Structure formats: structure tokens, C-alpha cells
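Everything below concerns the one structure shown next.
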Amino acid sequence: MSELAVAFDQALEELLPFSEALDRAGDNGSVPSGVREELLAMGWNGLVAPEEAGGLGLETTEMIEMCAVAGRRLLPVALLDEALLLAPALGAAGRSAAEAVVGGRASGGAGYVADASATWGSDGTLSVSGVGVRLSPQAQLVGLVHPQWTAVIPLGDPGVRLEQADALDRGQGVHLLTVTDVEPDVVLEGWMNGGGVAAGWLAGLLADLVGGADQVLSMSVSHARERQQFGRPLVRFQAVTHLLAEMKARLELMRSAVARLAFLMTEDALDPGFLAAALWSVPAYARQVCESAIQVHGGIGFTWEYGLHLYYRRVLSVQSMLGGSLDTAAQAGRAYLKED
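Residue numbers for the sequence shown follow my numbering, so the first one is 853 and each next one is one higher.
See the structure below:
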């Protein structure tokens, strides 16, 4: 890892202890406001914003590395939404990027609109029904990402209704969002049309899963080396080593896909078909890594206290948000065949 990523990893280890992540999930509680303020002070919301706007101005490859650290340390996903979707969208639309990054204007979260549940009125208003979104406390905005468009919605509009949901990925501020004839603050191109903000957010989500899968594999290798069975460590059993090897292979495929995606974005040559394929394959491989980890750990892998489920729930949540394995596979096929 780069020096910046190492420093970020060490900071998150102190700010977000694993035991506290377990407690938040158990209570379905949000991250303390003080943690968000410390992250803002570190420049988190300015990951991709230019330096003149108060951001860090990181390149795409550096941003990907930071998101992998976030996944390893289970940073609440709404904070990733703020840094990679809301703040850049406000900046792209000229809506005071400096305020969004430094002043915390980008407080909120995001959701993915994968189906036809959204309609646009002739007057530029948007209506959406029952979309799952993740929100930080005191959220002001929510970003909605559709393959064809990206919109930032003000949550204070009377046409917005939020209902808190007890979701699978607990402690992430999940709500069901219904929007009726609301004019978005910002409207940008979707990732299928070359929208860089949406593509960057999706790339960050995938990198987050890579970081989580990496941590799960590390936990599994350590357990297999330390756990004794019939007088031998688990790692000496062929069935276990095969599982670990398959996990490693899938992790490297995930890394390669996200690295290729970052390269294409850096070269301003984003291929929507490749991104669509990554939206299917990376969550699918991350899920397989988590499921294999549970097998390697045996009974302890199912326990709440051990915490493998936090990474597994995160993968399942992202995979579901993107439309599920079947819908994302179909979307990838359509993108490559260039079907409407």
C-alpha cells in the first residue's frame, strides 16, 4: 500500500474498532458523529475533489486503494457515498465544491436505481418509489444512480418520504426512499453514458468489496494456521488448502477487474460494457470468498461475535442494491451486445 493508504488504515483502526462495528450492527446504530467529523477533517469527502476546492485531488488508482482500506475496516458505506458521489456531483455542477468537501454540505448517502421504478416529468421533476438508500445521520442529500442518469435529491423537499428499514446490512442507515415530483439539485449523465461521477462511485464500491474480501481471506489463513484438528493445523488438510487457493484466485480476479477499471477511467476510456461486467463479477466473487471463509472457519464462522457476517452482509447488500446476480449479468450482456 502507499504511505497515504497505510496512514488511513492505521487511522481507521483507531476510529472504527471491529468490536464497535459489531455493536453498531447489533443495535442497528449509526457511526458516532464525532467519527464523521474526524474523517472530514482528514479530507475524506475531498478524495477526488481538486485541491483548489479544498480536496485531496487523488488519482483514480489512489482513490481505489483508499476505498479498499475502507472496506477492510468496515467504514460505513454512506460515508463512501458522500465522498465519491455527493461531493463530486455538487462540484461537477458548480454547487460550491469547497463547501461540499470542507463544510460537510455533502452529508447524506446514495442508492442505485436498477429498474424502471423512476419516471421523469416534462418539467424536469423526478419520481421514484421504494428505493433503498444508505444515509448518514443528519443527512441533507441523497444521490440516486441509474445507468442513464445520476441525480442529487434534497431530502428536505416535501415530495420526499423516508422510511427506516431494518436491512440485512445493519448499522448502515438504510431507508426506503420515495420521491414524488421533486426537482433534483443536480442531474448528471449516468455511467452507461460515460458519467464519470457515477462510474467513480461504482468503482469505489467495488474496491470496498475487494478490501473486505482481502480481510476475510487473511482471517481465514490465520485461522487455518492456528486451528488444530486431529493433531495437525487445518492448513495441512487438502480440502482446506483448496478452499484457500480458490479464495485467493477469486480475490486476484477482483483486484484485476478493479485495477483495469481504474486504468480505463484514468485514460478517459471507460467501457460501459466492462463496468457492467464488473458490477456482476466482483460482488459475485466477493460473495464466494465470504462463503468459503465461513466453511474454513467451521462452526465459529457462523457466530455473531467472530464477525465474518459483517463482511458477508456487506457483500450481499451491495449485490442486491445493484439488482442481484441475475439482473447484473443480464445488464452486462446487454451492454456488450449494445442492446437498448
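Backbone N, C-alpha and C fix where the C-beta goes; we use that ideal spot for every residue, glycine too. None of these values were measured; they are calculated from a predicted model.
Item                                                                                                                                                         : Value
Which term fits arginine 1084, buried or exposed, when burial requires 16 or more other beta carbons within 10 angstroms of its beta carbon?                 : exposed
Between the Cα of glutamate 1119 and those of Gly1046, Arg1102, Arg1077, spot the shortest distance and give me the residue it belongs to.                   : Gly1046
Out of Ala1059, Arg1022, Gln1147, state which residue places its alpha-carbon closest to the alpha-carbon of aspartate 879.                                  : Arg1022
By DSSP's criteria, glutamine 1239 is part of a beta bridge. Which residues make up the other side?                                                          : The chain is shown only over 853 to 1192; residue 1239 falls outside these bounds and no answer can be derived.
Kindly confirm or deny that the segment 991-1011 and the segment 1056-1065 touch, where touching means at least three C-beta pairs closer than 8 Å.          : no
By DSSP, does tyrosine 964 sit in helix, in strand, or in coil?                                                                                              : strand
Would a C-beta distance cut-off of 8 Å place serine 1072 and histidine 1149 closer than the cut-off?                                                         : yes
Indicate whether the contact test is met: 3 or more Cβ pairs, each with one atom in the segment 1036-1052 and one in the segment 1157-1174, closer than 8 Å. : no
Got a sec? Which residues, its chain only, sit under 8 Å from alanine 873 by beta carbon, not counting five neighbours each side?                            : Leu926, Gly1023, Gly1159, Leu1162
How long is the line joining the alpha carbons of proline 902 and serine 1172, rounded to whole angstroms?                                                   : 32 Å
Output yes or no for whether 8 Å exceeds the beta carbon distance between glycine 1025 and glycine 961.                                                      : yes
Do you know offhand how far alanine 859's Cα is from valine 883's?                                                                                           : 20 Å
For the 8 Å Cβ check, are there 3 or more pairs between the segment 1179-1191 and the segment 1099-1108?                                                     : no
Please identify the residue among Gln1090, Val997, Val1068, Glu855 whose C-alpha is closest to the C-alpha of cysteine 1142.                                 : Val1068
Distance check for alanine 1091 and alanine 949, CA to CA, integer angstroms please.                                                                         : With a pLDDT of only 49 at alanine 949, under 50, the local geometry of the prediction cannot be trusted, and no value is derived from it.
Let me know the secondary structure DSSP gives glutamine 1081 once reduced to three states.                                                                  : strand
Is DSSP giving glutamate 1041 helix, strand or coil here?                                                                                                    : strand
Which word fits leucine 1178, buried or exposed, when buried means at least 16 other C-beta atoms lie within 10 angstroms of its C-beta?                     : exposed
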